[in-house]
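S.K.:
Number of protein chains: 2
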Amino acid sequence: MPAANTPDGGSKATKGGETPTRREQLLTIAARLFADKGFRNTTVRDIADEAGILSGSLYHHFDSKESMVDEILSTFQEELFGQYDEILASGDDARTKLERAVRVSFEAIDRYPSEVAIFQNDADYLGTFERFGYLADRNMQSRQVWITLIEEGVRTGVLRADLDVTLTYRFIRDTIWVAVRWYRPGRGLSHTDIADQYVRILLDGIAVSGG
Amino acid sequence: MPAANTPDGGSKATKGGETPTRREQLLTIAARLFADKGFRNTTVRDIADEAGILSGSLYHHFDSKESMVDEILSTFQEELFGQYDEILASGDDARTKLERAVRVSFEAIDRYPSEVAIFQNDADYLGTFERFGYLADRNMQSRQVWITLIEEGVRTGVLRADLDVTLTYRFIRDTIWVAVRWYRPGRGLSHTDIADQYVRILLDGIAVSGG
DNA sequence: GTCTATAAGATGATAGAC
DNA sequence: GTCTATCATCTTATAGAC
Numbered sequence: 001m002p003a004a005n006t007p008d009g010g011s012k013a014t015k016g017g018e019t020p021t022r023r024e025q026l027l028t029i030a031a032r033l034f035a036d037k038g039f040r041n042t043t044v045r046d047i048a049d050e051a052g053i054l055s056g057s058l059y060h061h062f063d064s065k066e067s068m069v070d071e072i073l074s075t076f077q078e079e080l081f082g083q084y085d086e087i088l089a090s091g092d093d094a095r096t097k098l099e100r101a102v103r104v105s106f107e108a109i110d111r112y113p114s115e116v117a118i119f120q121n122d123a124d125y126l127g128t129f130e131r132f133g134y135l136a137d138r139n140m141q142s143r144q145v146w147i148t149l150i151e152e153g154v155r156t157g158v159l160r161a162d163l164d165v166t167l168t169y170r171f172i173r174d175t176i177w178v179a180v181r182w183y184r185p186g187r188g189l190s191h192t193d194i195a196d197q198y199v200r201i202l203l204d205g206i207a208v209s210g211g
Numbered sequence: 001m002p003a004a005n006t007p008d009g010g011s012k013a014t015k016g017g018e019t020p021t022r023r024e025q026l027l028t029i030a031a032r033l034f035a036d037k038g039f040r041n042t043t044v045r046d047i048a049d050e051a052g053i054l055s056g057s058l059y060h061h062f063d064s065k066e067s068m069v070d071e072i073l074s075t076f077q078e079e080l081f082g083q084y085d086e087i088l089a090s091g092d093d094a095r096t097k098l099e100r101a102v103r104v105s106f107e108a109i110d111r112y113p114s115e116v117a118i119f120q121n122d123a124d125y126l127g128t129f130e131r132f133g134y135l136a137d138r139n140m141q142s143r144q145v146w147i148t149l150i151e152e153g154v155r156t157g158v159l160r161a162d163l164d165v166t167l168t169y170r171f172i173r174d175t176i177w178v179a180v181r182w183y184r185p186g187r188g189l190s191h192t193d194i195a196d197q198y199v200r201i202l203l204d205g206i207a208v209s210g211g
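If you read the protein sequences in the order shown, they are chains A and B.
Mapped onto the UniProt record's numbering, the consecutive letters of the first sequence carry residue numbers 1 to 211.
Mapped onto the UniProt record's numbering, the consecutive letters of the second sequence carry residue numbers 1 to 211.
Next comes the structure, spelled out in structure tokens:
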């Protein structure tokens with residue numbers, strides 16, 4: 001079941017430099033609020049207030065609050081997983097693939113902070129509705145990406161053979177995505193700087209070698 | 001301002017093997033629900049239902065929903081920070097102190113999974129009320145513990161001198177506490193096993209040395 | 001210590017005017 | 001595309017009976 005809700009005929013999210021439609025403006029506002037306060041703790045009145053309209057008017061654009069978050073999340077996920085697929089299909093060695101996957105993930109936090117935050121905070125709750133079944137699918141898909149990369153690394157001798165693959169996957173996943181809690185695009189370290197340092201710590205640790 | 005709400009004269013939480021009071025039973029139920037669904041998404045009716053009473057009856061035991069979460073969080077934090085203080089005051093070398101702090105934290109996740117989850121998910125929101133000002137204080141205190149340990153490690157030559165101390169602190173903090181999302185006491189790896197593997201990855205990385 | 005009953009406000013959503 | 005007006009439901013919390 002596709003997530004889109006586009007009576008105008010199928011416009012996606014804001015890509016390129018085109019002027020955003022009213023629908024897109026409203027989704028941007030909703031995404032920021034959902035990210036800041038959580039989906040259930042954001043009221044349709046909150047969204048309408050920020051948009052300068054009344055809550056009832058929102059229902060001219062969207063069926064329901066759920067339709068809004070559905071459109072926000074599904075658009076983002078398509079893009080991210082397209083990039084993971086590209087990395088998996090590439091001919092790079094295991095270490096390079098792992099590094100690329102880390103960098104692409106931090107880039108996603110930079111470009112889609114609200115979407116990432118919503119997924120991190122509300123996916124479990126939303127996943128209880130059939131409509132959002134694709135969230136659990138994406139979770140499994142992401143897990144498969146990382147497990148594949150880690151196992152390839154161990155097999156080709158670039159990663160330690162004694163690693164607990166599942167635990168390593170969790171550590172990598174958690175450390176990357178939880179950064180959405182403190183990373184602010186345009187302030188402090190850039191997402192590429194953070195990815196550099198993270199890759200270094202992940203691969204070589206924080207201790208002095210041979211210590 | 002103390003957080004306790006103890007008309008009975010000051011009983012703490014359930015320690016040792018004593019039979020829990022009705023008050024403690026209700027707090028245990030509330031803590032699990034707050035952890036699972038979030039503070040704002042747990043209704044007093046949810047808590048009362050699980051306890052087998054009506055929502056109004058809860059107000060015989062507690063002033064408000066906020067008093068409940070206050071008592072849950074403050075009791076837990078006293079214990080955890082007592083352990084950090086002990087480590088800081090010890091004569092151990094920097095590497096040992098860092099390892100001990102990691103282990104104590106994973107042990108806290110094991111013993112107080114609900115409390116940790118509530119703090120992770122709802123501290124930002126609760127912190128907006130004066131009553132919960134101590135949460136921000138504890139956050140700063142925790143930051144100071146880790147920063148101190150990392151800086152001591154760098155100074156004494158056991159940690160790499162090129163580390164970004166703040167970023168390293170965030171990575172350590174995030175990776176540890178986010179484990180509360182998937183760790184389940186008594187299932188899978190024990191908290192000591194997880195701490196072992198985590199310390200190894202943190203200090204030495206996942207790559208083969210000299211790779 | 002729990003129940004009955006209820007207040008006062010917030011919430012997602014709808015129907016129809018402009 | 002937005003507003004007026006409103007509904008049915010859920011929310012935290014209270015007062016007093018048992």
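Even for Gly, the Cβ is constructed at its ideal location relative to N, Cα and C.
Taking all protein chains shown into account, decide if G188/B is buried (16 or more other Cβ within 10 angstroms of its Cβ) or exposed.
M.R.: Numbered from 1 along the second sequence, position 188 holds the residue referred to as residue 188/B. With fewer than 16 Cβ atoms within 10 Å of its Cβ, G188/B is classed as exposed.
S.K.: Label Y198/B either buried or exposed according to how many other C-beta atoms from any shown protein chain fall within 10 Å of its C-beta, with 16 as the threshold for buried.
M.R.: Along the second sequence, one-based indexing puts residue 198/B at 198. It is buried - the Cβ of Y198/B has at least 16 other Cβ atoms within 10 Å.
S.K.: Taking 8 angstroms as the cut-off, does the segment 99-117 of chain A touch the segment 70-89 of chain A (at least 3 CB pairs, one atom from each stretch)?
M.R.: The segment 70-89 of chain A, when compared against the segment 99-117 of chain A, does touch it at the 8 angstroms Cβ threshold.
S.K.: Name the chain B residues that come within less than 8 angstroms of G186/A, Cβ to Cβ?
M.R.: Position 186 of the first sequence holds residue 186/A. By Cβ distance, chain B contributes nothing, its closest Cβ being about 17 angstroms from G186/A, past 8 angstroms.
S.K.: Can you list the residues of chain B that G82/A reaches, using a CB-CB cut of under 8 angstroms?
M.R.: What you label residue 82/A is simply residue 82 of the first sequence in a count that begins at 1. The premise fails here: G82/A is roughly 26 angstroms from chain B at the closest Cβ pair, so nothing lies under 8 angstroms.
S.K.: Of all the CB atoms in chain A, is at least one closer than 7 angstroms to the CB of N41/B?
M.R.: Here the question's residue 41/B lines up with position 41 in the second sequence. Yes, contact with chain A.
S.K.: If contacts are defined as beta-carbon pairs under 8 angstroms, then D110/B and H191/B qualify, I think. What distance do you get, rounded to the angstrom?
M.R.: Working through the second sequence from its first residue, we reach residue 110/B at position 110. Working through the second sequence from its first residue, we reach residue 191/B at position 191. With a Cβ gap of about 4 angstroms, D110/B and H191/B count as contacting.
S.K.: Let me confirm a value: E71/A is counted as buried when at least 16 other C-beta atoms fall within 10 Å, else exposed. Which label applies?
M.R.: By one-based count along the first sequence, residue 71/A stands at place 71. So E71/A ends up on the buried side.
S.K.: Given that W182/B touches chain A, what residues does it touch there, using C-beta distances under 9 angstroms?
M.R.: Counting from one through the second sequence, the residue named residue 182/B turns up at place 182. The contacting residues are R170 and D174.
S.K.: First and last residue of the alpha helix (DSSP H) that includes W146/A?
M.R.: Your numbering for residue 146/A matches position 146 in the first sequence. Here the alpha helix (DSSP H) through W146/A covers G133 to R155.
S.K.: Measure from the C-beta of V116/B to each C-beta in chain A and report whether the shortest distance is under 7 angstroms.
M.R.: Counting from 1 along the second sequence, the entry for residue 116/B is found at position 116. No, V116/B lies away from the interface with chain A (no Cβ there is under 7 angstroms from its Cβ).
S.K.: Would you list, in chain order, the members of the segment 199-211 of chain A that have their beta-carbon closer than 7 angstroms to a beta-carbon of chain B?
M.R.: Cβ contacts with chain B come from I201, L202, L203, D204, G205, I206, A207, V208, S209 and G211.
S.K.: Exposed or buried, which one is L54/A when buried takes at least 16 other CB atoms within 10 Å?
M.R.: As a first step, residue 54/A is located in the first sequence; it is residue number 54 there, counting from the start. Exposed, by the Cβ-count rule.
S.K.: Residues in the same chain with beta-carbon distance under 7 angstroms from L98/A, minus the five sequence neighbours each way, listed in chain order, please.
M.R.: What you label residue 98/A is simply residue 98 of the first sequence in a count that begins at 1. These residues qualify, in order along the chain: L149 and G153.
S.K.: What are the partner residues of A207/B, as DSSP defines its beta bridges?
M.R.: Mapped onto the second sequence, residue 207/B falls at position 207. DSSP, once it has assigned bridges, lists L159/A as partnering A207/B.
S.K.: Going by C-alpha distance, which of E130/B, D93/B, M68/B and D49/B is nearest E24/B?
M.R.: The residue given as residue 24/B occupies position 24 in the second sequence. Ranking E130/B, D93/B, M68/B and D49/B by Cα distance to E24/B puts M68/B first.
S.K.: Could you check whether S105/A and I176/A sit closer than 7 angstroms to each other, using their CB atoms as the reference points?
M.R.: Indexing the first sequence from 1 puts residue 176/A at position 176. Indexing the first sequence from 1 puts residue 105/A at position 105. Yes; because the gap between Cβ atoms is below 7 angstroms, this pair is in contact.
S.K.: According to DSSP, simplified to helix, strand and coil, what is N121/B?
M.R.: Residue 121/B sits at position 121 when you count from the first residue of the second sequence. Correct three-state label for N121/B: helix.
S.K.: Give me the Cα-Cα distance between E151/B and G82/B, rounded to the nearest whole angstrom.
M.R.: Position 151 of the second sequence, counted from the first residue, corresponds to residue 151/B. Position 82 of the second sequence, counted from the first residue, corresponds to residue 82/B. Cα to Cα, the separation comes out at about 21 angstroms.
S.K.: Is the Cβ of L33/A closer than 7 angstroms to any Cβ of chain B?
M.R.: As a working note, residue 33/A is residue 33 in the first sequence. So, not an interface residue.
S.K.: Output, in chain order, the set of chain A residues within a Cβ distance shorter than 8 angstroms of G87/B.
M.R.: The count along the second sequence starts at 1 and reaches residue 87/B at position 87. As written in the sequence, residue 87/B is Ile, which differs from the Gly given in the question. Chain A residues near I87/B: none, gap ~18 angstroms exceeds 8 angstroms.
S.K.: Just checking, does the segment 153-166 of chain A make contact with the segment 159-175 of chain B on the three C-beta pairs under 8 angstroms criterion?
M.R.: Not touching, per the Cβ criterion.
S.K.: In whole angstroms, what is the alpha-carbon distance linking R131/A and A108/A?
M.R.: Locating residue 131/A in the first sequence gives position 131, counting from the first residue. Locating residue 108/A in the first sequence gives position 108, counting from the first residue. Spanning the two alpha carbons is a distance of roughly 24 angstroms.
S.K.: Quick one: is S142/B buried, meaning 16 or more other Cβ sit within 10 Å of its Cβ, or exposed?
M.R.: The sequence position of residue 142/B within the second sequence is 142, counting from 1. Answer is buried; the Cβ neighbour count reaches 16.
S.K.: Looking only at its own chain, which residues have a Cβ that is under 6 angstroms from the Cβ of R32/A, when we skip the five neighbours before and after it?
M.R.: For the purposes of this step, residue 32/A is identified with residue 32 of the first sequence, where counting begins at 1. Same-chain partners within the cutoff: S114.
S.K.: What does the Cβ neighbour count give for R184/B, buried or exposed, with the cut at 16 atoms within 10 Å?
M.R.: Position 184 of the second sequence holds residue 184/B. When all chains shown are included, R184/B counts as exposed.
S.K.: Have a look at R173/A, W182/A, D204/A and L26/A and flag the residue whose alpha-carbon is nearest the alpha-carbon of R103/A.
M.R.: Here the question's residue 103/A lines up with position 103 in the first sequence. The option with the nearest alpha carbon to R103/A is R173/A.
S.K.: Any residues in the segment 141-172 of chain B with a beta carbon nearer than 7 angstroms to a beta carbon of chain A? Which ones, in chain order?
M.R.: Under the 7 angstroms Cβ criterion, the segment 141-172 of chain B contributes G157, V158, L159, R160, L163, D164, L167, T168, R170 and F171.
S.K.: Do D122/A and F39/A have their beta-carbon atoms positioned less than 7 angstroms apart in this structure?
M.R.: The sequence position of residue 39/A within the first sequence is 39, counting from 1. The sequence position of residue 122/A within the first sequence is 122, counting from 1. In contact: F39/A and D122/A (Cβ atoms closer than 7 angstroms).
S.K.: Determine the DSSP secondary structure at D63/A, reduced to helix, strand or coil.
M.R.: For this step, residue 63/A is matched to residue 63 along the first sequence. DSSP places D63/A in coil when its eight states are reduced to three.
S.K.: When you compare the CB of Q120/A with every CB in chain B, is at least one pair closer than 7 angstroms?
M.R.: To locate residue 120/A, count along the first sequence from 1; it is residue 120. No, its Cβ sits nowhere closer than 7 angstroms to a Cβ of chain B.
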